[in-house]
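Those sequence lines, one after another, are chains H and X. First residue of the first sequence: 90, per the working numbering; consecutive thereafter. First residue of the second sequence: 90, per the working numbering; consecutive thereafter.
Protein chains: 2
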Amino acid sequence: MKLPHPVTTQFFSVQDVATAVHTLGLPTVFQRLADTIRADYLRWNDFEKCARVANHSKDGVIELMPISDAKTYSFKYVNGHPKNTQNGLPCVMAFGVLADVDTGIPEFLSELTLSTALRTAAMSVVAAQALARPNSRTMALIGNGAQSEFQALAFHYLMGVQELRLYDTDPRATEKLITNLGHTTLRLRLCSSVTEAVRGADIVTTVTADKTNATVLTPDMLEPGMHINGVGGDCPGKTELHPDVLRASAVFVEYEPQTRIEGDLQHLPADFAVTELWQVLAGQAAGRADAKQITLFDSVGFALQDYSVLRLMRDLAKELGLGQPVNLIPELVNPKDLFVLLQPESQPARTAPGVIKDIILA
Amino acid sequence: MKLPHPVTTQFFSVQDVATAVHTLGLPTVFQRLADTIRADYLRWNDFEKCARVANHSKDGVIELMPISDAKTYSFKYVNGHPKNTQNGLPCVMAFGVLADVDTGIPEFLSELTLSTALRTAAMSVVAAQALARPNSRTMALIGNGAQSEFQALAFHYLMGVQELRLYDTDPRATEKLITNLGHTTLRLRLCSSVTEAVRGADIVTTVTADKTNATVLTPDMLEPGMHINGVGGDCPGKTELHPDVLRASAVFVEYEPQTRIEGDLQHLPADFAVTELWQVLAGQAAGRADAKQITLFDSVGFALQDYSVLRLMRDLAKELGLGQPVNLIPELVNPKDLFVLLQPESQPARTAPGVIKDIILA
């Protein structure tokens with residue numbers, strides 16, 4: 090009888106992500122993440138894509154985000170519950186899996202709460218590097234919650250942003266952000282209104298969390314040449330931008346069918362013209378037309394970024410010796426004999442044939 | 090500052106499932122599973138349902154199966170790779186999650202390879218109890234692979250089936266089945282063809298695995314009053330029954346939109362009449378008309394059964410003290426401060442504030 094095929098799932102925890110960041114440094118992790126995302130976006134047509142599958146409830150949403158190419162499948166589980174912070178919980182929690190397309194083995198199971206924050210910021214930079222004016226140094230950061238430090242530092246490390254203009258309806262959120270960024274050379278300016286924060290900014294990043302059709306940015310705030318990085322409008326009924334902000338801009342999206350449902354785009358007619366970002370990255374569509382144009386990345390978070398961050402985390406697990414095996418899938422001596430796992434002689438379960446590889450191979 | 094909200098994910102392994110079955114006995118587990126499935130089917134309209142989301146490749150498929158009611162969300166990851174057994178791997182591997190709809194916390198992460206085999210068999214019995222003649226004692230079992238023992242024993246324990254007529258194209262599969270069922274009082278008859286196995290059977294269960302449009306059952310094999318439990322035709326291009334078998338039968342399905350795509354039903358016109366099983370269970374539609382009618386359950390596996398088995402496994406984890414916590418989601422002192430997880434002072438990571446509950450509460 091053949092030896093059993095190894096069925097190993099590697100588990101990568103929050104601690105593993107933190108250790109990887111501490112070992113390599115956040116600038117390196119952001120750089121590698123942006124490079125991975127860009128490389129995957131350049132293979133756009135290799136992927137089987139769909140809009141994410143959402144189960145909505147009164148105060149939130151739970152979503153599954155699958156995507157695959159010929160070799161690798163990934164999905165993310167993620168929630169969005171803006172009121173969670175009132176109960177001491179994050180708004181967004183996530184985990185995900187990389188699987189082998191040829192066999193279906195779920196090979197890598199990772200936390201994605203922290204990793205989603207990293208990949209969202211890296212994605213924003215990939216878009217801004219293609220769309221914002223290259224000499225952008227000042228960014229307004231509207232919404233200073235869980236995602237804000239990641240946006241701030243990704244733009245600082247990868248785009249050379251030197252000054253942040255901060256605004257949040259909750260002053261304690263801004264205070265926390267300032268504390269967390271104290272170790273950097275970023276100039277931090279506390280602003281008392283969105284208008285004040287946006288004035289003169291090269292880049293405007295909106296990362297607010299309410300599940301409501303808010304109007305954080307209005308057309309009167311726009312200035313020629315701005316790049317708007319709209320991150321917080323990412324689900325039906327959860328938007329941040331006045332429709333005229335989109336009408337005044339060249340609008341770029343991740344995956345058009347999903348953004349039409351979820352993005353700030355949901356308030357505009359179905360024929361409102363947008364460009365998928367991958368086309369710009371691949372040189373198949375124009376990005377910014379000139380230094381006066383307003384560009385807008387209507388980011389909702391697409392499965393391909395999760396594929397990218399999972400791929401990077403799997404690489405880092407190997408490079409740095411992180412992660413640990415988890416017994417998610419049974420190993421079987423005879424793959425047609427699943428029932429053996431329930432046989433009395435298989436007890437105690439920890440030594441069941443087909444369960445523990447070491448014993449089978451011994 | 091508030092104490093952090095506990096974010097605990099309980100992990101339930103293959104060993105935990107095996108231990109639960111050994112502690113309670115397989116008949117009890119099957120009974121409780123059938124009861125749970127039936128109870129959930131009687132709440133059919135409470136659920137937000139969708140056909141599963143499938144990524145197909147040449148030799149297989151990877152699927153996500155979400156479903157939710159007002160309180161609880163569940164999903165299953167499952168593959169189907171019929172050629173896997175040639176490489177020593179199971180055709181079907183699975184895991185899944187129960188999550189809290191109000192907060193999005195993934196509370197329970199379970200293996201579902203073994204549990205899917207249990208729930209598929211329990212579901213078959215729930216359908217057969219509603220559709221087969223009550224005095225059914227003989228079952229043909231076509232396909233003697235990984236799912237076959239589970240079907241055999243669920244029908245034995247819960248329906249009183251006493252005799253099995255076995256057929257598989259691979260005689261070693263049947264040999265394995267006979268060995269595994271040696272401890273029971275079931276009469277096992279080895280048959281040399283499908284026709285021989287089906288002749289005189291009250292119930293015909295087909296659980297073959299090829300991803301091909303096979304014709305395991307043909308109309309000439311049918312006898313008045315039979316109940317057909319068609320389990321193996323469960324994905325586009327993977328069927329078992331000649332279309333005339335369906336035309337000769339009263340056909341019942343789990344969730345019609347999914348079965349039209351995936352079931353043996355895929356070969357019939359879109360207006361071919363079928364009945365959703367929940368309607369029969371709820372007394373809203375007729376089941377079997379008379380003792381001569383042929384009934385057919387075109388089973389593909391629906392997300393609600395996974396919700397049910399996850400719910401039962403979570404109950405068993407509590408009752409029997411099984412499972413263990415896994416650090417899938419970070420705990421945060423301040424839910425708007427995710428970045429703290431990356432702060433240097435949070436090292437070593439195992440004692441990071443917000444990561445280890447014991448330390449925060451100490």
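The C-beta atom is built at its ideal place from N, Cα and C for all residues, glycine as well. Source: prediction; values computed, not measured.
At least one CB of chain H lies nearer than 9 Å to the CB of X:P195. The shortest C-alpha to C-alpha distance from H:Y256 to any of H:P171, H:R276, H:D333 and H:V287 is the one to H:V287.
In the DSSP secondary-structure assignment, H:S163 is bridged to H:I156 and H:L187. In the displayed model, X:D387 falls within a strand according to three-state DSSP. Against chain X, the CB of H:E343 has no partner CB under 9 Å away; the residue lies outside that interface.
Proximity of X:I156 to chain H, defined by a Cβ-Cβ separation below 9 Å, is satisfied. At a cut-off of 9 Å between beta-carbon atoms, X:K425 makes contact with chain H.
For H:N269, no beta strand (DSSP E) run applies; the uninterrupted alpha helix (DSSP H) run containing it begins and ends at P260 to N269, by DSSP. With contact defined as three or more Cβ pairs closer than 8 Å, the segment 217-232 of chain H and the segment 181-201 of chain H are not in contact.
Rounded to whole angstroms, the gap between the alpha carbons of X:V422 and X:V181 is 40 Å.
Classified as buried, X:R254 has 16 or more neighbouring CB atoms from the shown chains inside 10 Å of its CB. Contact between H:E200 and H:V103 is confirmed by a C-beta separation of about 5 Å, below the 8 Å threshold. For H:R141, the CB contacts under 7 Å within the same chain, skipping 5 residues up- and downstream, are E152, L153, M154, Q347 and A392 in chain order. For X:L122, same chain residues with a beta-carbon under 8 Å away, outside a window of 5 residues either side, are L207, R208, A211, S397, V398 and L401 in chain order.
DSSP, read as helix, strand or coil, puts X:I231 in strand.
Under the three-state reduction of DSSP output, X:R288 falls in the coil class, being neither helix nor strand. Residue state for H:V296 is assigned as coil, using DSSP reduced to three classes.
Using a Cβ-Cβ cut-off of 9 Å, H:T202 counts as an interface residue toward chain X, since at least one Cβ of chain X sits closer than that to its own.
At the C-beta level, H:T328 and H:D353 come within 9 Å of one another. Counting only runs of 4+ residues, the alpha helix (DSSP H) found wholly inside the segment 98-179 of chain H occupies 103-113 and 115-130, in chain order. For X:E196, the secondary structure class from DSSP, reduced to helix, strand or coil, is strand. Of X:T307, X:V293 and X:T174, the smallest CA-CA separation from X:G314 is found for X:V293.
Among the residues of chain H, those whose CB is under 7 Å from the CB of X:L115 are L431, following chain order. Approximately 44 Å separates the beta-carbon atoms of X:V190 and X:T227; this is outside 8 Å, ruling out the contact. When C-alpha distances from X:A235 are compared across X:Q373, X:L311, X:L178 and X:E137, the shortest belongs to X:L178. Under the criterion of beta carbons closer than 8 Å, X:E137 and X:S157 qualify as touching, at roughly 5 Å. Under a 10 Å Cβ-count criterion, X:G289 is classified as exposed, with fewer than 16 other Cβ atoms of the shown protein chains found around its own Cβ.
For H:V342, the enclosing beta strand (DSSP E) starts and ends at A339 to V342.
Counting only Cβ-Cβ distances below 7 Å, H:K265 has contacts in chain X at N423, K425 and D426, in chain order. Chain order gives the chain H residues near X:V142 as C139, V142, L153 and P155, where near means a beta carbon separation below 8 Å. In this structure, H:G412 is the residue among H:N416, H:G412 and H:L427 with its C-alpha nearest to the C-alpha of H:T108. Rounded to the nearest whole angstrom, the CA to CA distance from X:N173 to X:L277 is 28 Å.
With fewer than 16 neighbouring CB atoms inside 10 Å of its own CB, X:N134 falls in the exposed class. Apart from sequence neighbours up to five positions away, the residues of its chain that approach X:V96 with a beta-carbon distance below 8 Å are I194, I418, P419 and E420, ordered along the chain. Residue pairing by DSSP puts H:L277 in a beta bridge opposite H:L253. Not one beta carbon of chain X lies nearer than 9 Å to the beta carbon of H:A123.
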